[in-house]
Structures are given as C-alpha cells and as structure tokens.
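Take a look at the structure set out below.
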Amino acid sequence: VGKDYLKGKTVISPNKKILNGLSGLNNFVLKWGEEQSFQVADYCITIKALPAYHASNYIIRKIVGKVNGYQISITSSSETKVIYFTGDTVLYPGLTKNVPQNIDAIFANLGAVKSGSFGGPFTMDLKMLNRMKDLLQPKRIYPIHIDDYSHYKTTKKEVEAAGYKVLAVGETIDI
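Position 12 of the sequence shown, counted from 1, bears residue number 16 in this note's numbering, the numbering being contiguous throughout.
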C-alpha cells in the first residue's frame, strides 16, 4: 500500500536502503551539503542535508557512522521559515558553521544514549541542547525522541524542568 502511494511522488530519503524495491519513484538520497527544492502550491520548499555525528569522539564516529541533520526552508512571497532537524547527533565542533542562522524552530533529538561509555553520549543530552540554544539562538526548540527507547537516559520530566516544551504525539504547532 505504501509503495503504491509513493509511485509518481518525489521522495527525499535519509537512507538509500529505504528506497530498495521502490522502482518508479523520483527519489533522491541527499549527502551532506546537497539540497533539493520543489514547489507546493505557492511555497518553495528546500531540504538540505547537514552534517551530524552519532557519537562524541573520532574513533566511535568512524565505527558508528555519520548521520544527517536537515534544514528545511519554506518560502512564500511574503516570508521564509527555516526549520532544523538535528537528527541523532551530538553537539560537535563545527556544527554552527554547518547549521543556518535565523532558525525559526529546531527539532532536537535527545536521549543521552550511552552517556557513560567510551565515545558517548551518542545522542544529544540537555547540556548540549542548552549550548546549541546559546550558539544558534533559534526562536523555538522542540526536543523530540524522548523516552522512545529503553536505552534513552533523558526523560520528559527533566526536559520540561529545563524549560522546553515536549510535544505530544500528533500535536500540531504553528511556526
């Protein structure tokens, strides 16, 4: 059913494996720095893949691999909104040179996975999120990916205590 729905549509995928067996699609796999734009009604939507790292040191990054973050820019005749999805990254040196300024909203994956292990944490913790907020100064931050798996250490309670809004599943927001 999903494959039939996607036929003839444009698919921008974070992973080549997702596209296996989906012939007939207009699909793109974005590498760091690459972007794709398309028109939806009166809006131009541009998706750009941004560097992200799933570990806190060089050795573990080589083992675990690189991941993508995404900048989504939605432009109309009167305004542009910029949204940054961090992906499963940590705050790494150089993040601010790769991520845009004037961000309307950041959706930040948290979790502090394996924070006490060599190379950890593998995903952002609250301390990193607070530092990212200071560096990028977005209008809003929405922590996501909280309590999703049993190995995640960051809890909804501590995220809310730090002053962040945790969105409920299916909740709609205006940006």
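Glycine included, every Cβ here is placed at the ideal spot set by N, Cα and C. Predicted model, so just to flag it, every value in this text is computed and none were measured.
What's the C-alpha gap between residue 84 and residue 73?
Start at 1 with the first residue of the sequence shown, and residue 84 comes out as number 80. Start at 1 with the first residue of the sequence shown, and residue 73 comes out as number 69. Rounded to the nearest angstrom, the two C-alpha atoms are 19 Å apart.
From the DSSP output, in three-state form, read off residue 71 for me.
Within the sequence shown, numbered from 1, the residue matching residue 71 stands at position 67. Three-state result, residue 71: strand.
Tell me which residue opens and which closes the beta strand (DSSP E) that residue 114 is part of.
Residue numbering aside, residue 114 sits at position 110 when the sequence shown is read from its first letter. Counting along the chain, residue 114 sits inside no beta strand (DSSP E), nor does DSSP assign it H or E at all.
Three-state secondary structure assigned by DSSP to residue 86:
As a working mapping, residue 86 is identified with position 82 in the sequence shown. Note: residue 86 maps to strand in three-state DSSP.
In or out: residue 139 buried (at least 16 other Cβ within 10 Å) or exposed?
Counting from 1 along the sequence shown, the entry for residue 139 is found at position 135. Label assigned to residue 139: exposed.
Please classify residue 66: does DSSP put it in a helix, a strand, or coil?
Walking along the sequence shown from the start, residue 66 turns up at place 62. It is helical.
Count the other CB atoms within 10 Å of the CB of residue 2; is the residue buried (16 or more) or exposed (fewer)?
No statement about residue 2 is possible, as the shown extent of the chain runs from 5 to 179 and does not include it.
Terminal residues of the alpha helix (DSSP H) in which residue 54 lies:
Within the sequence shown, numbered from 1, the residue matching residue 54 stands at position 50. From DSSP, residue 54 is part of no alpha helix (DSSP H) but of the beta strand (DSSP E) over 47-57.
Given a cut-off of 8 Å on the beta-carbon distance, is the pair residue 86 and residue 104 in contact?
Within the sequence shown, numbered from 1, the residue matching residue 86 stands at position 82. Within the sequence shown, numbered from 1, the residue matching residue 104 stands at position 100. Yes, they are a contact pair.
Do you know whose CA, among 76, 77 and 148, lies nearest residue 186's CA?
What is shown of the chain runs 5 to 179, which leaves residue 186 out entirely.
Please classify residue 112: is it buried, with 16 or more other beta-carbons within 10 angstroms of its beta-carbon, or exposed?
Counted from its first residue, the sequence shown places residue 112 at position 108. Residue 112 should be labelled buried.
For residue 178, does the count of other Cβ atoms within 10 angstroms reach 16, so buried, or fall short, so exposed?
What you label residue 178 is simply residue 174 of the sequence shown in a count that begins at 1. Residue 178 is exposed by the Cβ-count criterion.
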